[in-house]
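Asks: I'd like to ask you about the structure that follows.
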Amino acid sequence: MTDFKRALENRASSSYIAEYSAPKIELADLNKLQELRHLNLNKKIQTRLQELKDEYDNLVSLNDWNNFVDTFECRIECAIGQEYYLYETEEGRRFLSIIHPDDFTFKYKCLGVAKLNSQGFFDKGEL
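The numbering of the sequence shown is the numbering used here, which starts it at 35 and goes up by one.
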């Protein structure tokens, strides 16, 4: 078999166009794919950073609330899941109580509600 015949057979079995009159083969622009990949990665990183920031803000808020609750006098053993009401007397004394503000006979200022969770932290409750 001559080189010319072999070239014709190879051209017929090839997966690409081998004629001069065929349209020009253009390579895909890989830069666009790489840019798209970088954009997607940056978006994922920004989303994760925002999630971490939100989680950090929640932890700071939880810490601030627990530091606030710790300033109140507590003469009872706190139980998990129990709601505690934060009161302040006219003299400025702060204390925790399990008595709801509507059931209190004295007129103390209720500053909030704290509920002890299973991790030993006080969550902010609703009145």
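Beta carbons are placed, not taken as given, at the ideal position from N, Cα and C, and that holds for glycine. Bear in mind that the values here come from a model prediction, so they are computed numbers and not experimental data.
When the Cα atoms are used, what is the spatial distance from Glu125 to Arg109?
Replies: 18 Å
Asks: Hey, quick one: how far does the alpha helix (DSSP H) through Lys87 stretch, first residue to last?
Replies: 64 to 104
Asks: Starting from the C-beta of Ile59, find all residues in its chain whose C-beta is less than 6 Å away, skip the five residues before and the five after it, and write them out in chain order.
Replies: none
Asks: Please say whether Arg128 and Tyr118 have beta carbons closer to each other than 8 Å?
Replies: no
Asks: Please check the pair Asp136 and Lys149, which I expect to be a contact at CB under 8 Å, by giving their CB distance rounded to whole angstroms.
Replies: No, Asp136 and Lys149 are not in contact; Cβ-Cβ is about 18 Å, not under 8 Å.
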